[in-house]
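Colleague:
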Amino acid sequence: MVAGTETTTSLVECVMAEIMQRRRNVMERVQEELAQIVGPNNIVEESHLSKLKYLDATIKETTRLHPVVPLLVPRSPSKTCTNPSEFNPERFLGHEGMDKYDFKENNLKYFPFGAGIRLCPGVPLAEKTQMYILASLLHSFDWNLPKGDQEHDFSDKFCVTLRKRKPLVAIPSQKVA
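Structure representation (structure tokens):
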């Protein structure tokens with residue numbers, strides 16, 4: 236249970252750090268998607284989660300760049316990659332075979348939680364929890380780094396999961412309608 240909650244909070248921290256520091260346009264696009272699907276005066280519900288494609292792509296891109304579990308088998312690409320370190324959620328949108336991921340060895344293009352018999356048993360819960368937390372945070376507030384803290388430290392420290400060496404400090408503000 237502890238590993239499950241720790242990986243979820245680590246991923247939420249990484250997503251928020253990426254979109255606040257490096258990619259404000261990604262945050263704006265996620266918030267636009269939330270406004271369209273959830274509505275400006277509603278709260279996020281579980282029924283909305285499957286419709287939030289850009290938020291899902293943002294989470295997948297974050298797990299690609301910032302794996303939360305350090306003990307998975309190292310991976311290397313099978314063909315030449317361009318810009319693999321660039322944060323780009325669009326790589327998970329609109330490409331054939333990339334719109335649906337399962338973790339049962341049918342599609343091994345993306346497997347941040349292991350695959351097959353080594354698959355993390357908490358994947359279904361983690362996917363919904365991560366989506367729900369991030370959707371709720373981004374739908375309800377605008378987020379910024381503290382003044383003068385424009386460069387978040389993305390270095391990790393080794394624990395059961397990878398944690399940020401310096402925890403993220405995020406400042407919420409009321410969304411402008």
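Going by our numbering, the first residue of the sequence shown is number 236, and it counts up by one from there.
Every residue, glycine too, gets a C-beta built ideally from N, C-alpha and C.
Since we're looking at a predicted model, the values are computed, not measured.
Report yes if the CB atom of V250 is closer than 7 angstroms to the CB atom of Y289, and no otherwise.
Modeller: In this structure, Y289 does not lie closer than 7 angstroms to V250 by Cβ.
Colleague: Check whether the Cβ atoms of Q365 and T243 sit closer than 7 angstroms, and answer yes or no.
Modeller: Closer than 7 angstroms, so yes.
Colleague: Closer than 8 angstroms is the cut-off here; do at least three beta carbon pairs connect the segment 275–295 with the segment 363–378?
Modeller: The segment 275–295, when compared against the segment 363–378, does touch it at the 8 angstroms Cβ threshold.
Colleague: Whole alpha helix (DSSP H) runs in the segment 244–278 with 4 or more residues, listed along the chain?
Modeller: Entirely contained in the segment 244–278, the alpha helix (DSSP H) runs reaching 4 residues are, in chain order, 259–272.
Colleague: DSSP on F376, reduced to helix/strand/coil?
Modeller: The answer is strand: DSSP assigns F376 an E or B state.
Colleague: Any idea if T315 is buried or exposed, counting beta-carbon neighbours within 10 angstroms, 16 or more meaning buried?
Modeller: Its Cβ having fewer than 16 others within 10 Å, T315 is exposed.
Colleague: Report all residues from its chain with a CB closer than 8 angstroms to the CB of P402; omit the five preceding and five following residues, and keep chain order.
Modeller: Taken in chain order, the residues that qualify are E248.
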